[in-house]
Amino acid sequence: MNNTADAPRTLYDRLWDAHVVASAPDGQDLLYLDRHLLHEVSTPQSFELLRENGLAVRRPATQLAVPDHAVPTRDREGGAIREEMARRQVALLERNCREFGIELIDLNDPRQGIVHVISPEQAFTLPGITLVCGDSHTATHGAFGALAFGIGASECGTVMATQCLWQTRAKTLRVRIDGQLPPGVSAKDMVLSLIGRIGSGGGVGHAIELCGSAVTSASMEARMTLCNMGIEAGARVALIAPDDTTFAWIEGRERAPTGPLWEAAVAYWRTLRSHDDAVFSQEVVLDAASMAPQVTYGISPDQVIAVDAPVPDGPARALAYMGLDAGKPVKGLPIDFAFIGSCTNGRIEDLRAAAAVIRGRHVAPNVTAMVVPGSGLVKRQAEAEGLDSVFRAAGFEWHAAGCSLCVAMNGDSVPTGQRAISTSNRNFEGRQGPGARTHLASPQMVAAAAIAGRIVDIREELAA
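This note's numbering numbers the first residue of the sequence shown as 1 and each following residue consecutively.
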């Protein structure tokens, strides 16, 4: 704890201070890390680091591994993987976890899925902890009031061996979003609006704290969507103070505290918030009531507009890649693919919202539409509610859990030149396949586009 502990502090600074082991003259702090999530793509070098230095995993119980990026979401009955590279990556993670005593949720485990979906589901993510993973969307876990951020492969090895990392404290950016979202506007639109406002570099060097009535009234699934895309605004950390919504979501989950430990935990978690007079480095204020459904037109998440707005003039490279002309509407653009899934929007609430749009209707001809649940538990919950039948009847493919078209490294991809509307978090060139053109949008917007065969304004669909 540093000597500023009695001064008014932000939630980020309070979490940071509570985990400082030592401080260096250059300003860096040695942080204690409570949890580490692993997946198959970012950790092979990390385990080699341990072997080369004769090191063991310091606290195996604080590590949890799951293959997600490379695993196929179709034709994998019995845990089989046809693609050789993916098979080798997953098998290597399994061997490494066995050798170093780390718990693995493998492909045959009913809980398997995307690391940022399963960790909250298992209550491996809790308020007040520090959590890292070799993946930039680790910011997702900040939705629970955790200090969570992505790290590199060598850092993953260091965390396994020492439970600590040297880090530089970030500045703080408070994002206040007040008001009630209009019908058809969701958390995805909120965060895309923010990214459009401050740019993909607007949060660089900052930890974002989201607050305001539109945030505190949001569900946990919506809060995870908000924090998940904090990295797309350049911030490694995005977090929200935990509250009764948070506690209710966690209670009863597999690894959640129970009995007196639960009561003690909640009493502590209630203290986790920014002091009223805490000073932030910057502040941004947004009005939820004035927001419209968002859709990206370019090759970065900050190249985003309201669905009823014309495509802006530039940047030229983005428009050329996307095959768009400035001044023309994005609404009405024909699509070839519609993807609902990812660690941004692959949760049960997202699937319910999409299913409500398509019920009793059918996907347009020449559109490939797929739903990929974020975890095995989400998939089974959706099937128990009959959502899979709604999607299948409408012509959607119903897949097993995984990252799927968000990363296109697992057999799911969009062909060159084809246009996709997607609930994922990145629309970079080639993200969904070489030459693929990706428009980011909410689950409702993607579902409506799949039915219409073109980008539509969900507000008009709801009003019809």
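We treat Cβ as the ideally placed atom computed from N, Cα and C, and that holds for glycine.
For Met370, the enclosing beta strand (DSSP E) covers residues 368–371. With fewer than 16 neighbouring CB atoms inside 10 Å of its own CB, His275 falls in the exposed class.
In this chain, the beta strand (DSSP E) harbouring Ala65 covers 63–65. Sequence-distant Cβ neighbours of Arg459 in its own chain, meaning closer than 6 angstroms and more than five residues away, are Gly184. Distance from the CA of Leu192 to the CA of Pro127, rounded to the nearest whole angstrom, comes to 25 angstroms. Remark: C-beta atoms of Pro293 and Val304 do not approach each other more closely than 8 angstroms. In this structure, Ala233 and Ala338 do not form a Cβ contact; the two beta carbons are roughly 25 angstroms apart against a cut-off of 8 angstroms. Residue environment analysis places Arg35 among the buried positions, since at least 16 neighbouring C-beta atoms fall within 10 angstroms of its C-beta. For the 8 angstroms CB-CB criterion, Ser46 and Gly142 do not form a contact. For Tyr12, the enclosing alpha helix (DSSP H) covers residues 11–17. In the assembly as shown, His362 is an exposed residue. Its beta-carbon has fewer than 16 other beta-carbons within 10 Å.
Residue nearest to Glu254 within the set Met224, Ser375, Pro120, Ala354 is Pro120 (criterion: CA-CA distance).
In the three-state reduction of the DSSP assignment, Val295 falls in the strand class. For Gly150, the CB contacts under 8 angstroms within the same chain, skipping 5 residues up- and downstream, are Val132, Cys133, Gly134, Asp135, Ser136, His137, Thr138, Ala139, Ile231, Arg236 in chain order. Residues Leu15, His19, Leu31, Tyr32, Leu33, Asp34, Arg35, Ala146, Leu147, Ala148 of the same chain have their beta carbon placed closer than 8 angstroms to that of Thr130, with the five preceding and five following residues left out of the count.
Between Ser404 and the set Ile114, Leu92, Glu263, the nearest pair of CA atoms involves Ile114. Exclusion of the five residues before and after Cys97 leaves Ala65, Leu104 as the residues of its chain whose Cβ lies within less than 6 angstroms of its Cβ. Contact between Asp350 and Gly199 is ruled out by a C-beta separation of about 26 angstroms, above the 8 angstroms threshold.
With contact defined as three or more Cβ pairs closer than 8 angstroms, the region 429–438 and the region 372–379 are not in contact. Membership of Cys403 in any alpha helix (DSSP H) is not indicated, and neither H nor E is assigned to it by DSSP.
For Arg317, there is no enclosing beta strand (DSSP E); the residue is part of the alpha helix (DSSP H) that begins and ends at 316–322.
DSSP places Arg88 in the uninterrupted alpha helix (DSSP H) bounded by 84–100.
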